[in-house]
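Participant: Count along the sequence shown starting at 1, add 4, and that's the number in our numbering. Every residue gets a Cβ at the ideal spot worked out from N, C-alpha and C, and that includes glycine. Remember, it's a predicted structure, so these values are computed and weren't measured experimentally.
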Amino acid sequence: MNGKVLISGAGVAGLALAYWLDRAGCTTTLVERSPEFRRGGQAVDIRGVALDVVNAMKLLDDARALRTQLKGMSMLDADGNETQRTEERTFSAGRLDSEDIEIFRDDLCELLMGAMSDRVEFIYDDSIRSIDDQGDGVAVTFASGLDRQFDLLIGADGIYSNVRKQCFDDESTVVAPLGVVLALFSTPNLIDLIDWQLGHREGGVGYVIYPSHDKRELRIGVGFAIPAPAVARSDTEAQMRLVASQCAHLKGDFPRFIDAMKVTDQFYYNELAQIRMPSWSKGRVVLAGDAAHCASPFSGQGTSLALVGAFVLVRELVRHWDHPAQAFAAYEHRMQPYVDLNQALVDLTREGPMPDDAMTEAKNGIDLRDLLSELV
Ligand SMILES: Cc1cc2nc3c(=O)[nH]c(=O)nc-3n(C[C@H](O)[C@H](O)[C@H](O)COP(=O)(O)OP(=O)(O)OC[C@H]3O[C@@H](n4cnc5c(N)ncnc54)[C@H](O)[C@@H]3O)c2cc1C
């Protein structure tokens with residue numbers, strides 16, 4: 005496949021797309037607004053058919069070696085006292101005896117980056133300012149002033165996608181808010197937590213804490229209802245103040261975590277939502293990952309959806325390179341039922357842990373055998 009493709013966003017979806025496009029012979033460019041590779045975040049899950057995709061990338065053994073290796077979890081009350089303990093499951097990964105892989109998001113991204121050739125071009129600290137779909141190609145101007153021409157543009161720039169804002173419907177018509185904030189931050193491993201997860205869920209505030217793969221850091225996720233008025237998406241200091249005030253009643257070690265949050269450089273804040281769009285493509289522009297169909301971290305399936313969607317999109321492009329509209333329609337036709345099953349999981353998590361049978365159905369909810377068998 006001999007074409008030039010621009011991907012906006014170097015998250016899981018963008019990197020997986022770059023891997024498959026590179027492998028298919030495309031000249032691939034990634035533009036990422038962060039100044040460098042983004043670290044931080046908690047663990048994400050690779051489940052069901054996404055494991056087949058990672059296997060087809062020849063990365064399954066490496067991904068397994070990077071698993072979080074948690075051995076169980078404790079639930080704590082607001083004073084930090086243990087109220088429940090189990091070695092059968094964790095809050096974040098579900099049952100520990102399953103084949104699924106729980107892996108830190110940055111470890112997975114590093115793995116994907118290492119698997120592609122050095123032909124893939126990375127442009128950091130930049131973003132797309134304007135997009136002109138000319139019918140036979142896409143002219144793009146970057147915020148830095150750079151002008152470039154591509155055959156196709158893929159928006160893989162997350163839930164509040166820049167490409168989606170510029171080329172598709174008004175954001176307010178496709179974002180379905182879930183009413184919850186999720187703040188993620190890293191601290192030094194202040195409590196020497198090893199292979200274990202701590203969780204809390206009481207009175208509208210919840211957290212989950214676990215050590216990074218090398219045990220040197222804690223990765224902490226805090227969730228609570230979106231306040232009114234909401235905090236601006238770009239105002240990190242106000243977001244940190246809000247997290248501190250929402251957690252002020254938490255005792256035990258928690259005040260130390262909040263102090264460490266105030267000086268961390270790895271802080272991520274998101275108002276959770278799902279993305280539901282009538283179509284993921286327009287002309288020569290197409291969306292992937294959270295930009296197209298975010299299911300939210302509550303589903304536990306955003307990363308599997310991104311990995312599978314990237315594979316399906318590139319394989320359909322390989323089949324229909326001269327007719328992108330056909331490739332995009334086939335991609336969407338295959339993916340939509342799988343996305344629907346996974347978005348529906350979120351309603352089930354409002355009461356407590358995800359039911360195992362619903363997750364089993366959703367994680368296997370797409371048949372990739374014909375596409376996988378075409379790989380050489
Ligand atoms: C720092 C971070 C931490 C996360 N931690 C967790 C977690 O702990 N648990 C969980 O379930 N999910 C987490 N997520 C979300 C999870 O990674 C995604 O739901 C899932 O992997 C799908 O990935 P995606 O590539 O579609 O989106 P994302 O992972 O959100 O990646 C989108 C990428 O696009 C980039 N981007 C955004 N706007 C622009 C722009 N204008 N121009 C260029 N690039 C842009 C972003 O910097 C990011 O690198 C996190 C996301 C991020 C960015």
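So what does DSSP say about methionine 79, is it helix, strand or coil?
Facilitator: What you label residue 79 is simply residue 75 of the sequence shown in a count that begins at 1. Here DSSP, grouped into helix, strand and coil, assigns methionine 79 to strand.
Participant: When you measure from the CB of valine 48 to every non-hydrogen atom of ligand 1, does any distance come out below 7 Å?
Facilitator: For the purposes of this step, residue 48 is taken as the residue at position 44 of the sequence shown. Checking the Cβ of valine 48 against ligand 1 gives yes.
Participant: Measure the C-alpha to C-alpha separation of lysine 367 and arginine 133 and round it to an integer number of angstroms.
Facilitator: Sequence index remark: in the sequence shown, residue 367 carries index 363 (1-based). Sequence index remark: in the sequence shown, residue 133 carries index 129 (1-based). Taking the straight line from one Cα to the other gives about 36 Å.
Participant: Helix, strand or coil for valine 267, going by three-state DSSP, please let me know.
Facilitator: To locate residue 267, count along the sequence shown from 1; it is residue 263. In the displayed model, valine 267 falls within coil according to three-state DSSP, outside both helix and strand.
Participant: Ligand 1 and proline 39: does the residue's C-beta get closer than 7 Å to at least one heavy atom of that ligand?
Facilitator: Taking the first residue of the sequence shown as 1, we reach residue 39 at position 35. Incorrect: proline 39 has no Cβ contact closer than 7 Å to ligand 1.
Participant: May I ask you to report which of helix, strand or coil DSSP gives lysine 367?
Facilitator: Position 363 of the sequence shown, counted from the start, is the residue given in the question as residue 367. Here lysine 367 sits in helix by DSSP.
Participant: Since arginine 288 and valine 316 are thought to touch, with beta carbons under 8 Å apart, how far apart are those beta carbons, to the nearest angstrom?
Facilitator: By one-based count along the sequence shown, residue 288 stands at place 284. By one-based count along the sequence shown, residue 316 stands at place 312. So it is not a contact: roughly 18 Å between Cβ atoms.
Participant: Which residues in the same chain have their Cβ closer than 6 Å to the Cβ of isoleucine 370, if we skip the five residues on either side of it in sequence?
Facilitator: Counting from one through the sequence shown, the residue named residue 370 turns up at place 366. Closer than 6 Å at the Cβ level, and outside the excluded window around isoleucine 370, lie Val53, Tyr342.
Participant: Do asparagine 166 and ligand 1 come close, with the Cβ less than 7 Å from some heavy atom?
Facilitator: Translated into positions along the sequence shown, residue 166 becomes position 162. Indeed, a heavy atom of ligand 1 lies less than 7 Å from the Cβ.
Participant: Please determine whether the Cβ atom of serine 131 lies at a distance below 7 Å from any heavy atom of ligand 1.
Facilitator: Here residue 131 corresponds to residue number 127 of the sequence shown, with the count starting at 1. Yes, the Cβ of serine 131 comes within 7 Å of a heavy atom of ligand 1.
Participant: Helix, strand or coil for aspartate 56 per DSSP?
Facilitator: Locating residue 56 in the sequence shown gives position 52, where the first residue counts as 1. If DSSP states are grouped into helix, strand and coil, aspartate 56 belongs with the helices.
Participant: On a CA-only basis, which of Cys171, Ser148, Leu19 is nearest valine 290? Give me that one, please.
Facilitator: Numbered from 1 along the sequence shown, position 286 holds the residue referred to as residue 290. If we check each option's Cα against that of valine 290, Cys171 comes out closest.
Participant: Hey, would you say the C-beta of proline 259 is under 7 Å away from at least one heavy atom of ligand 1?
Facilitator: The count along the sequence shown starts at 1 and reaches residue 259 at position 255. No, since every heavy atom of ligand 1 falls outside the 7 Å radius drawn around the Cβ of proline 259.
Participant: How is aspartate 140 classed by DSSP in three states: helix, strand or coil?
Facilitator: Here residue 140 is taken as the residue at index 136 of the sequence shown, counted from 1. DSSP places aspartate 140 in coil when its eight states are reduced to three.
Participant: Return the chain-ordered list of same chain residues with a C-beta closer than 6 Å to the C-beta of alanine 310, the five sequence neighbours on each side being excluded.
Facilitator: Here residue 310 is taken as the residue at index 306 of the sequence shown, counted from 1. Val16, Ala17, Gly293.
Participant: If you run the structure through DSSP and keep just helix, strand and coil, what is glutamate 92?
Facilitator: Stepping through the sequence shown from its first residue, residue 92 is reached at position 88. DSSP places glutamate 92 in coil when its eight states are reduced to three.
Participant: Lysine 219 by DSSP, collapsed to three states: which one?
Facilitator: Your numbering for residue 219 matches position 215 in the sequence shown. Looking at lysine 219 - three-state DSSP - the assignment turns out to be coil, as it is neither helix nor strand.
Participant: Cβ of glycine 149 within 7 Å of any heavy atom in ligand 1?
Facilitator: Locating residue 149 in the sequence shown gives position 145, where the first residue counts as 1. Because no heavy atom of ligand 1 lies under 7 Å away, the Cβ of glycine 149 does not count as near it: no.
Participant: Report the rounded CA-to-CA distance for leucine 194 versus glutamine 270, giving the unit in angstroms.
Facilitator: Numbered from its first residue, the sequence shown carries residue 194 at position 190. Numbered from its first residue, the sequence shown carries residue 270 at position 266. Leucine 194 and glutamine 270: Cα-Cα distance of roughly 16 Å.
Participant: Check whether the Cβ of proline 301 lies closer than 7 Å to any heavy atom of ligand 1, and answer yes or no.
Facilitator: Start at 1 with the first residue of the sequence shown, and residue 301 comes out as number 297. Yes, the Cβ of proline 301 comes within 7 Å of a heavy atom of ligand 1.
Participant: By the 10 Å Cβ neighbour count, where 16 or more other Cβ atoms means buried, how is aspartate 351 classified, buried or exposed?
Facilitator: As a first step, residue 351 is located in the sequence shown; it is residue number 347 there, counting from the start. It counts as exposed.
Participant: Can you tell me which of the three DSSP states valine 184 falls into?
Facilitator: Here residue 184 refers to the residue found at position 180 of the sequence shown. Residue state, collapsed to three classes: strand.
Participant: Just the C-alpha distance for valine 209 and glycine 98, rounded to the nearest angstrom, thanks.
Facilitator: Here residue 209 refers to the residue found at position 205 of the sequence shown. Here residue 98 refers to the residue found at position 94 of the sequence shown. Roughly 20 Å separates the two Cα atoms.
Participant: Could you name each continuous beta strand (DSSP E) segment of 3 residues or more that falls completely within the region 148-180, going from the start of the chain to the end?
Facilitator: For the region 148-180, whole beta strand (DSSP E) runs of length 3 or above, ordered along the chain, are 151-154, 156-159.
Participant: Quick one: is the Cβ of glycine 15 within less than 7 Å of any heavy atom of ligand 3?
Facilitator: Among the ligands present in this structure, namely ligand 1, ligand 3 is not found.
Participant: Would you please state the rounded distance, in angstroms, between the beta carbons of leucine 116 and alanine 20? I believe it to be under 8 Å.
Facilitator: Reading the sequence shown from its first residue, position 112 is the one you call residue 116. Reading the sequence shown from its first residue, position 16 is the one you call residue 20. About 6 Å separates the CB atoms of leucine 116 and alanine 20; that is less than 8 Å, so the two are in contact.
Participant: Please state if the CB of isoleucine 50 and the CB of alanine 69 are separated by a distance shorter than 8 Å.
Facilitator: Translated into the one-based positions of the sequence shown, residue 69 becomes position 65. Translated into the one-based positions of the sequence shown, residue 50 becomes position 46. No, Cβ-Cβ distance for alanine 69 and isoleucine 50 is not below 8 Å.
Participant: Spell out a yes or no on whether the region 124-138 and the region 156-168 are touching, meaning 3 or more CB-CB pairs, one atom from each, closer than 8 Å.
Facilitator: yes
Participant: Please say whether valine 184 and glycine 227 have beta carbons closer to each other than 8 Å?
Facilitator: As a first step, residue 227 must be located in the sequence shown, where it is residue number 223. As a first step, residue 184 must be located in the sequence shown, where it is residue number 180. Contact: yes.
Participant: Any contact of the region 89-103 with the region 261-280, i.e. 3+ C-beta pairs under 8 Å?
Facilitator: no
Participant: Near arginine 260, what residues of its chain come up, given a Cβ to Cβ distance below 7 Å and the 5 sequence neighbours on each side ignored?
Facilitator: Along the sequence shown, one-based indexing puts residue 260 at 256. Leu194, listed in sequence order.
Participant: With DSSP collapsed to three states, give me the class of arginine 2.
Facilitator: The structure shown does not extend to residue 2, since the chain is modelled only from 5 to 380, so the question has no answer here.
Participant: Between which residues of its own chain and tyrosine 211 is the CB-CB distance below 6 Å, once the five residues before and five after are set aside?
Facilitator: For the purposes of this step, residue 211 is taken as the residue at position 207 of the sequence shown. Take tyrosine 211, set aside five residues on each side of it, and the residues of its chain with a beta-carbon closer than 6 Å to its own are His204, Val226, in chain order.
Participant: Need the endpoints of the alpha helix (DSSP H) that leucine 317 sits in, please.
Facilitator: For the purposes of this step, residue 317 is identified with residue 313 of the sequence shown, where counting begins at 1. From DSSP, the alpha helix (DSSP H) with leucine 317 extends over 306-323.
Participant: Give a yes or no on whether the C-beta atoms belonging to serine 102 and glutamine 88 are separated by under 8 Å.
Facilitator: Position 98 of the sequence shown, counted from the first residue, corresponds to residue 102. Position 84 of the sequence shown, counted from the first residue, corresponds to residue 88. Contact flag unset, no.
Participant: If distances are taken between C-alpha atoms only, which option among Gln46, Asn59, Ala14, Lys8 comes closest to leucine 379?
Facilitator: Residue numbering aside, residue 379 sits at position 375 when the sequence shown is read from its first letter. Answer by Cα proximity: Asn59.
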